[in-house]
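One structure below.
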Amino acid sequence: MKIRALLLLVLTAVLPLAAPRSAQAAADVSFDYFYDALLPYGEWIEVDGYGFCWRPTEVDADWVPYSDGYWAFTDAGWTWVGYEEFAGIVYHYGRWVFVEDEGWCWVPDYEWGPAWVSWRNNDDYVGWAPLPPQATWQPEIGISTWVDTTYDIGPAFYSFCAVRDFGAPVLRPVIINRSRNVTIIRTTVNITNITYNTFGSSPVIYNGGPNYAYLSSRCQRPIPALKLVRTTHFDRADFRRGPGGFSPNARTVGNQLLVNAPIVAPPVQPRFLQDKVKKTFAADKVRTGWASVKDPKVREDLRQHFRRETKGLTPYTAPARAVVANDLKVVPAQADPTAVSPGLTGRGPRGKGERQPPAIAGDPVPPVAPGSVSPAGTLPADPRTIGRGKERATTGNAGVPPTVTGGPLKPFNPGADTNPPHPDPVTTPNPVATIPGPDTPTRENGRPMKKQEQPQKPVVVVPPNPGVVVPPVAPVVVAPPTTSQPAGPVEPREGRGPRPMKGDATAGQAQAAAEAAKAAREQENFQRQNMELEKRRAAQAEAEQTRGEQERMVRQRAAETNANAQQQKQAAEAAAATAEKAKMQAQQEQRAQAEREKMQADQQRMNRQTDTEAAAKQAEMRRQQAEAQTQESQRQQQERIAVQRRQQQMEQQRAAQEAAKQQASENARQQQMEQQRADQAAAKQQAAENARQQQMEQQRAAQAAAKQQAAENARQQQMEQQRAAQEAAKQQAAENSRRQQMEQQRAAQESAKQQAEQQRRAMDAQREQAARQQMEAQRAAQQQAAQAAQAAQQQAAQDARRGEKDKEKDKDKGR
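Converting from the sequence shown to the working numbering requires adding 66 to each position, the first position being numbered 1.
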């Protein structure tokens, strides 16, 4: 964590110094560059929360950004080359937002980049999605793998294709149906890495993504690797000539990709666009790509997948990875207009490394004979076979890249088939494309008519090829191939196309046979060269693997060497400590031996003296010897204590040395951190100065807009007052209606109360009557009971009297 924080501080201090000029400083062109170049192809709208946006109108309903074109690899990483007339602006400046019922809208921004997309991939699929306006460019952070979670990019915004189709010259026909995106996203990971490339003469924003070597080894077509050449200054009148006069799009010349990348200044007067806005949309019309996921559980599971994938990383804890030299090894070192672009050699019957001469605008395209190979700059005869999988025409030009020429790219709008079968790498011909001519019929709303609605018009047929720019040619009608008629001299037939002339059947058959033989030879040559290319690819992959293995072994050896050196250093330190301890013990033993020898010498001297002493002194000597022994034991004990003290002092010295080393390291680290803080403070000061200048510019623009805003506010206030009056009238009417309803409710409640009172009184009367009836019944029952008791008593009295009479009679009889 400390290392990551330290790297973040270093990047924060260094990257702003290496960043190119901002769009607000020393702009090359004004906002007119955007407005004039985009005006013929769309309309300006306003989206609440996003400001002024541009919406393309000359696209079909299934169109999405970053689809009608191809990917090239340059000094700036993955660079998008689009075929639309507006591609050079909208794919390299700004971001995209999707507005419900209106489609994709471009939000202007002023920093040029090779492409502003988020990347996802695995071993089988590659996908990219346009970045939303929230993905602002911060040089010290960049854009990394947290982009899906941070900016809430939904699955519907991704365009996925199979890895083997990534090199297609037009990616739209091979983009997988988006109904499968949820399933694919569960098995892919985000690999976005947009940062700065500082290896060139001037820094350029770098669009990192899939690994070029891996894709090249899996793609059916080679991926162009080109030298990026940026043009930043040009005459303002260039882009005022309208359609066909100037194109902001990229051009391929040799091994170069020429791009227009000026620094554009924002509009000074917001009213400039306010007058151009035709529609205004609320923020609730903006969608983020989740609408297609109807099941809330699936949606939440997918969001959890994004969160697990990022592992809690944020823009401030995980900035984009810096570019390394190894990332750019496939890019040509020098620009060469005459060179063949890497990835465009050795394909097709034209031979290894052979380049076709440039096509000249206005030259007619000859018709294609049945079964023959299309000449340079043409395609198979039936343009309806675009992206139709099994319905694609089988001609002899499979795998033939067209010419590498200069000139602006024409707009490209292929069909809406977004889920074609994967073509066979050898037998299936290249996908072909038709480009609508300048007279393509459109509806009143500016959108092109459907195929069944369009009248029959000539079309211009051009070959889609990576890194190829084909100038517009004169429209021609390409007849569909028919094998039932022989080729040969033809005569025009009104409304039906060519028909063989009479009497030339033999010549036509001979020509057809020659053409068929030529096509067979060219096909065989192509297959042979294709096999050679596959061998070269395999050798290159093996060399890459060998190089990677060697690098891994070198790193392993270096790690082992470092470990051995560390172990040797530790062993040497342990040996030195042992030797020091042994030396101290030897010195102690020497001192003890010297003391013993001295004592023996003293004892001998005393013995000699005592030879002449009297016996009385022997007791004194014994006493002295006892004292000497006591002193010796005390001395030895003191020596042991001194040795222990010296050992403790040595341990303390070692601890002090270690502490000193740690303190020195800590001081160095603190000095380094102080230096970094100073650099960061300087960078912050510079950023604050830039922010202050930007704020001053914004204040000027705000002051200029304040007057217009005041008038707009007054108009809006008047409208608000009118709305308030209308709302008050509506509220008064509603209040009156509410009062009437309340009066009616009160009357109904009073009526209900009266009815309830009447019902209560009736029920009380019924209860009283029932109580009286019950009391009468009880009285009658009591009376009946009393009468029965009285009758029983009377009967008992009568029985008693009869018994007494009977007893008297019995007594009389006894007498």
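Where a beta carbon is used, it is the ideal one built from N, C-alpha and C, also for glycine.
The alpha helix (DSSP H) that contains E151, what's its start and end? Reading the sequence shown from its first residue, position 85 is the one you call residue 151. Unbroken run through E151: none, as it is neither H nor E.
Three-state secondary structure (DSSP) of A401: Here residue 401 is taken as the residue at index 335 of the sequence shown, counted from 1. Coil.
What separation, rounded to the nearest whole angstrom, lies between the Cα atoms of T376 and N315? Here residue 376 corresponds to residue number 310 of the sequence shown, with the count starting at 1. Here residue 315 corresponds to residue number 249 of the sequence shown, with the count starting at 1. Near 35 Å, if we compare the C-alpha coordinates of N315 and T376.
Return the CA-CA distance between A195 and N596, expressed in angstroms with no decimal places. Counting from one through the sequence shown, the residue named residue 195 turns up at place 129. Counting from one through the sequence shown, the residue named residue 596 turns up at place 530. Roughly 33 Å between the two C-alpha positions.
Please say whether G160 and V173 have beta carbons closer to each other than 8 Å? By 1-based counting over the sequence shown, the position of residue 173 is 107. By 1-based counting over the sequence shown, the position of residue 160 is 94. Their beta carbons are under 8 Å apart, which means V173 touches G160 by this criterion.
Tell me which residues share the same chain as Q839 and place their Cβ nearer than 8 Å to its Cβ, disregarding the 5 neighbours each side in the sequence. By one-based count along the sequence shown, residue 839 stands at place 773. Counting only Cβ-Cβ distances below 8 Å, and skipping sequence neighbours, we find nothing.
Look at the alpha carbon of Q695 and the alpha carbon of Q651, and state the distance between them as a whole number of angstroms. Locating residue 695 in the sequence shown gives position 629, where the first residue counts as 1. Locating residue 651 in the sequence shown gives position 585, where the first residue counts as 1. Distance between the alpha carbons of Q695 and Q651 is about 23 Å.
Where does K877 sit, in a helix, a strand or coil, going by DSSP? In the sequence shown, the residue the question calls residue 877 occupies position 811. Here K877 sits in helix by DSSP.
In angstroms with no decimal places, state the Cα-to-Cα distance between M716 and A658. For this step, residue 716 is matched to residue 650 along the sequence shown. For this step, residue 658 is matched to residue 592 along the sequence shown. If I take the Cα positions, the gap works out to 21 Å.
Cβ-based neighbour list, V709, same chain, cut-off 7 Å, excluding 5 preceding and 5 following: One-based indexing of the sequence shown puts residue 709 at position 643. Excluding positions up to five away in sequence, the list reads Q654.
Let me know if K418 comes out buried or exposed under the rule of 16 or more other beta-carbons within 10 Å of its beta-carbon. Your numbering for residue 418 matches position 352 in the sequence shown. Confidence is the limiting factor: at K418 the pLDDT is only 31, short of 50, which leaves the residue's position unreliable and the question unanswerable from this model.
I think I260 touches N273, with their Cβ atoms under 8 Å apart; what is that distance to the nearest whole Å? Mapped onto the sequence shown, residue 260 falls at position 194. Mapped onto the sequence shown, residue 273 falls at position 207. That pair is a contact at about 6 Å.
C-beta neighbour in chain B for N733, strict 8 Å: Of the protein chains in this structure there is only one, and it is not chain B.
If you draw a straight line from the alpha carbon of R230 to that of Q729, how long is it in whole angstroms? Sequence index remark: in the sequence shown, residue 230 carries index 164 (1-based). Sequence index remark: in the sequence shown, residue 729 carries index 663 (1-based). The straight-line gap from Cα to Cα measures roughly 58 Å.
From what residue to what residue does the beta strand (DSSP E) around R365 run? Translated into positions along the sequence shown, residue 365 becomes position 299. R365 -> not in any beta strand (DSSP E); alpha helix (DSSP H) instead, spanning P362 to T376.
The alpha helix (DSSP H) that contains Y217, what's its start and end? Locating residue 217 in the sequence shown gives position 151, counting from the first residue. It spans V213 to Y217 - the alpha helix (DSSP H) in which Y217 sits, taken as one unbroken run.
On the DSSP bridge assignment, give the partners of C227 in chain order. Counting from one through the sequence shown, the residue named residue 227 turns up at place 161. Answer is V192, bridged to C227.
Where does Q291 sit, in a helix, a strand or coil, going by DSSP? Stepping through the sequence shown from its first residue, residue 291 is reached at position 225. Correcting the residue identity first, residue 291 is Ala in this sequence and not Gln. Correct three-state label for A291: strand.
Verify whether the separation of the beta carbon atoms of F139 and Y278 is less than 8 Å. By one-based count along the sequence shown, residue 139 stands at place 73. By one-based count along the sequence shown, residue 278 stands at place 212. Result yes, Cβ atoms of F139 and Y278 sit closer than 8 Å.
The ligand ATP heavy atoms versus the CB of G154: any closer than 7 Å? Inclusion of the ligand ATP in the displayed structure is not the case, the ligand content being empty and no account of it being possible.
Quick one: Cα of A795 to Cα of Q787, how far? In the sequence shown, residue 795 corresponds to position 729, counting from 1. In the sequence shown, residue 787 corresponds to position 721, counting from 1. Answer to the nearest angstrom: the Cα atoms are 12 Å apart.
Suppose you measure from the CA of A384 to the CA of A391; what does that come to, to the nearest Å? Taking the sequence shown and counting its residues from 1, the one referred to as residue 384 is at position 318. Taking the sequence shown and counting its residues from 1, the one referred to as residue 391 is at position 325. Between A384 and A391, the C-alpha separation is close to 21 Å.
By a C-beta neighbour count over all protein chains shown, 10 Å radius and 16 as the cutoff for buried, is E206 buried or exposed? Stepping through the sequence shown from its first residue, residue 206 is reached at position 140. Looking at its Cβ environment, which holds 16 or more other Cβ atoms inside 10 Å, E206 is buried.
Quick one: measure Cβ to Cβ for A201 and V213, integer angstroms, because I've assumed they're closer than 8 Å. As a first step, residue 201 must be located in the sequence shown, where it is residue number 135. As a first step, residue 213 must be located in the sequence shown, where it is residue number 147. Correct: roughly 7 Å between the Cβ atoms.
Taking all protein chains shown into account, do 16 or more other C-beta atoms lie within 10 angstroms of the C-beta of A642, making it buried, or fewer, making it exposed? Stepping through the sequence shown from its first residue, residue 642 is reached at position 576. Its Cβ having fewer than 16 others within 10 Å, A642 is exposed.
Who are the near neighbours of D878 in its chain, counting only those whose CB is closer than 6 Å to its CB and skipping five residues on each side? Counting from 1 along the sequence shown, the entry for residue 878 is found at position 812. None.
Kindly indicate which three-state DSSP category A138 falls into: helix, strand or coil? For the purposes of this step, residue 138 is taken as the residue at position 72 of the sequence shown. Of the three classes helix, strand and coil, the one that applies to A138 here is strand, per DSSP.
Going by CA-CA distance only, name the one from S96, G355 and S283 that's closest to I329. In the sequence shown, counting from the first residue as 1, residue 329 sits at position 263. With distances taken between Cα atoms, I329 lies closest to S96.
Taking all protein chains shown into account, do 16 or more other C-beta atoms lie within 10 angstroms of the C-beta of E663, making it buried, or fewer, making it exposed? Taking the sequence shown and counting its residues from 1, the one referred to as residue 663 is at position 597. With fewer than 16 Cβ atoms within 10 Å of its Cβ, E663 is classed as exposed.
Go to S282, then tell me how far its alpha helix (DSSP H) extends in each direction, as first and last residue. Locating residue 282 in the sequence shown gives position 216, where the first residue counts as 1. That run of the alpha helix (DSSP H) goes Y278 to R284.
Per DSSP, which one or two residues make a beta bridge with E112? Counting from 1 along the sequence shown, the entry for residue 112 is found at position 46. Per DSSP, F118 and T346.
State whether the stretch 355-363 contacts the stretch 177-188, with contact taken as three or more CB pairs (one from each stretch) at a distance under 8 Å. no
Should the stretch 359-375 be called in touch with the stretch 810-822, which here means at least 3 C-beta pairs below 8 Å? no
For the candidate residues Q751, L105 and V270, whose alpha-carbon lies nearest to that of T123? The residue given as residue 123 occupies position 57 in the sequence shown. Checking every option, the nearest Cα to that of T123 belongs to L105.
When we look at the beta-carbon of K683 and count the other beta-carbons within 10 Å, is it buried (16 or more) or exposed? In the sequence shown, residue 683 corresponds to position 617, counting from 1. Exposed.
Bridge partners - K318, DSSP secondary structure assignment: As a first step, residue 318 is located in the sequence shown; it is residue number 252 there, counting from the start. First, the amino acid is wrong: residue 318 is Thr here, not Lys. Paired residues: L323.
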